[in-house]
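Residue numbers (the numbering used here), protein chains in the order written: chain H, 191 to 532; chain D, 60 to 341.
C-beta: ideal position from N, C-alpha, C; glycine also.
Keep in mind that this is a model prediction, so the values were computed, not measured.
Reviewing the structure listed below.
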């Protein structure tokens, strides 16, 4: 029904807006007053490859303007979920609507609303930097009169103006990433999909990138990002789901997840790889919870320093000790018993 | 509301446009020209030297075989029974071969690289483009290249005095038809290829086809069973078609040759689109 309406609507700006705004409410609750406008709704979303469920019945909704994260280890089903949102992978079962449209049925229309930053840069190496933006815009059927000023504006945004005429392979990793993001913005997407946006970048390049993403968020672009870096998720995401083996383990804001699933502080102790496994019994009772990893022992406690004093009082001498605040990494460890980055 | 800057947000207009124009579901968004424009831009900036070499290859064959070997062979019997020089006999065949080679190169090696290494198509399919836009665009580029080669080669034939009838100008569109047949199939076949070793099989099929498809001597030298085998191959139909056109002799067989390619094109486009859908929209 909403799809039908959009086809009959003349392509004027005002009616276009009405159509898209009415869709989520007609799909969800009938009384739309005050209810958030969801740009993405997934219900029981499932993707199977043969017998293996890459995504196993996940449900979530993303309101417009939110930065929404999918946090999980490699192989958790994050990228598959992204592909289904982009309509380049067909779901096995469940429901998925993007801006009120089904990506399996209306792939090209859905993707006209999307900007996509894939895990691996797939810039067009045969084209120069600025031409990459122009040509990509043409793929959306956009006119050159719009694309030329837009490309210059995006180069400015990506801090690549002086590289406009360079070849793509002359760019650094961080520059390529920024160009990929600039490219994904050429169609003024309402939703930006970022698959591991900063993997493989050095710290400085990551911070520049995060700054650019913050600006987009301020401008009201909905960000969907996958990451296995908890600091990235904490920096960027308003809300996130922790996924493992295709299922949602937890959902909430970074702070609320940490509050719910971890203590305020963590004491990290290293006794050497031989001792780590056996020292557990001797640490019993310190802090609220103990986690033994191959390379270290984690003690979850409200007061990390106090826990460390207790360790010393028991006559234990770790090689190194560190007190830090809990992070999403700890949440993930608690939920799955495994660390995020293997 | 969610726009990054002021501006008309043309993305939205294209949505409605695409919705109205769609006939092939998620496969096609009527934007083949964007893929073609990309190809032309890439050619302009990087690989025009490769293109130039593709033009010279059949010309060198024509000079060495036609002029060199032709001096020994003398004249041979052309289609319709008339005597023609050996160079005039093999020239249309070489044109068919060059149409085949150009189309196959563009639709196999080139596509293989873009698919597996440059990840070009993955990027394209994350836009409003559908697989059919991409396939048609790439095939069109292969044909454009075939058209340039065919035009250039026909001009060389003219300069060498091998053209005796105005009908010969029709060799150009006929060469494009041949290229279309090979390009549409080549891309579909390439989609099955995963490694460079597998890609070598393509050469393994192409070389014998080039040598034995009545390119340099008439089919009648073979025993009947071999003749049938060769007549089942696409290149033989291309060679015969161009050879007939080059002297302006048309028989019912002309229609068979053309029909062969029309069927090949239809099946090839079907195969390629199906494969692209399977590969990228799985």
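Practice prompt. Would you list, in chain order, the members of the segment 308 to 326 of chain H that have their beta-carbon closer than 8 Å to a beta-carbon of chain D?
Written response: 308, 310, 312, 313, 314, 315, 316, 317, 318, 321, 325, 326
Discussion item. Can you check which of these residues, 250(D), 295(D), 246(D), is closest to residue 266(D) by C-alpha distance?
Written reply: Taking the Cα of residue 266(D) as reference, the smallest distance to any Cα among 250(D), 295(D), 246(D) is reached at 295(D).
Worksheet entry | Residues of its chain near residue 472(H), where Cβ-Cβ distance is below 8 Å and the 5 sequence neighbours each way are ignored | 504, 506
Fill in: Contacting residues, own chain, Cβ-Cβ under 7 Å from residue 128(D) (five flanking each side not counted)
145
Fill in: Members of the segment 257 to 288 of chain H that neighbour chain D once the beta carbon cut-off is set at 7 Å
276, 277, 278, 279, 280
Discussion item. Quick check on residue 393(H) - is its C-beta less than 8 Å from some C-beta in chain D?
Written reply: no
Discussion item. Within 8 Å of any Cβ in chain D, is that where the Cβ of residue 522(H) sits?
Written reply: No, residue 522(H) lies away from the interface with chain D (no Cβ there is under 8 Å from its Cβ).
Worksheet item: Relative to the C-alpha of residue 456(H), which residue among 526(H), 509(H), 495(H) is closest?
Response: Out of 526(H), 509(H), 495(H), 495(H) has the C-alpha closest to the C-alpha of residue 456(H).
Practice prompt. Kindly say whether residue 302(H), judged by its beta-carbon, lies nearer than 8 Å to any beta-carbon of chain D.
Written response: yes
Discussion item. Residues of chain D with CB closer than 9 Å to the CB of residue 306(H), please, in chain order.
Written reply: 182, 185, 186
Fill in: Rounded distance between the beta-carbons of residue 323(H) and residue 398(H), thought under 8 Å
Not a contact, Cβ separation roughly 19 Å.
Discussion item. As an exercise, report each continuous beta strand (DSSP E) stretch of at least 3 residues that is fully enclosed by the segment 83 to 167 of chain D, in chain order.
Written reply: Taken in chain order, the complete beta strand (DSSP E) segments of 3 residues or longer contained in the segment 83 to 167 of chain D are 134 to 136, 142 to 144.
Discussion item. Tell me which residues share the same chain as residue 368(H) and place their Cβ nearer than 8 Å to its Cβ, disregarding the 5 neighbours each side in the sequence.
Written reply: 348, 349, 350, 398, 399, 402
Item to complete: Determine the burial state of residue 418(H): buried for a count of at least 16 other Cβ atoms within 10 Å of its Cβ, exposed for fewer.
Response: It is buried - the Cβ of residue 418(H) has at least 16 other Cβ atoms within 10 Å.
Fill in: Beta carbon of residue 380(H) nearer than 8 Å to that of residue 416(H)
no
Worksheet item: Going along the chain, which unbroken runs of the beta strand (DSSP E) with 3 or more residues stay wholly within the segment 299 to 349 of chain H?
Response: 304 to 307
Discussion item. Measuring straight from C-alpha to C-alpha, what distance separates residue 199(D) and residue 95(D)?
Written reply: 7 Å
Practice prompt. Quick one: list the residues of chain H neighbouring residue 100(D), beta-carbon separation under 7 Å, in chain order.
Written response: 317, 321, 325
Worksheet entry | Neighbour-count burial assignment, residue 316(D), 16 or more Cβ in a 10 Å radius | Buried.
Worksheet entry | Assigned exposure category for residue 260(H) - 16 Cβ within 10 Å defines buried | buried
Item to complete: Give a yes or no on whether the C-beta atoms belonging to residue 268(D) and residue 171(D) are separated by under 8 Å.
Response: no
Discussion item. Please report the distance separating the alpha-carbon of residue 263(H) from that of residue 432(H).
Written reply: 9 Å
Discussion item. Mapping the DSSP letters down to three states, classify residue 510(H) as helix, strand or coil.
Written reply: It is a strand residue.
Worksheet item: Can you tell me whether residue 103(D) is buried or exposed, with buried defined as 16 or more other CB within 10 angstroms of its CB?
Response: exposed
Practice prompt. Could you tell me which of 277(D), 231(D), 91(D) sits nearest to residue 155(D), measuring between CA atoms?
Written response: 231(D)
Discussion item. Contact criterion: CB-CB distance below 8 Å. Does residue 436(H) meet it with respect to chain D?
Written reply: no
Worksheet item: In chain order, which continuous runs of the alpha helix (DSSP H) of length 4 or greater are located wholly inside the segment 264 to 320 of chain D?
Response: 283 to 291, 293 to 306
Worksheet item: With 8 Å set as the bound, which would you pick, yes or no: does the beta-carbon of residue 290(H) sit closer than that to a beta-carbon of chain D?
Response: no
Worksheet item: Just reading off the beta strand (DSSP E) that residue 286(H) is part of, what are its end residues?
Response: Taken as a continuous stretch (DSSP letters only), the beta strand (DSSP E) holding residue 286(H) covers 283 to 288.
Worksheet item: So which residues of chain H does residue 179(D) contact, with C-beta pairs closer than 8 Å?
Response: 312, 314
Discussion item. Whether or not the segment 306 to 324 of chain D and the segment 238 to 258 of chain D are in contact is what I'm after, with contact meaning three or more pairs of Cβ atoms, one per stretch, closer than 8 Å; do they touch?
Written reply: yes
Worksheet entry | Own chain, CB closer than 7 Å to residue 444(H), minus 5 neighbours either side, in chain order | 423, 424, 427, 430, 518
Item to complete: Compare the beta carbon distance of residue 117(D) and residue 153(D) with 8 Å and say whether it is the shorter of the two.
Response: yes
Worksheet item: Quick one: what's residue 441(H) bridged to in DSSP?
Response: 431(H)
Fill in: Separation of residue 476(H) from residue 499(H), as counted between CA atoms
10 Å
Fill in: Within chain H, partners of residue 302(D) - CB distance below 8 Å
Those do not exist, as residue 302(D) stays about 37 Å from chain H at its closest Cβ, beyond 8 Å.
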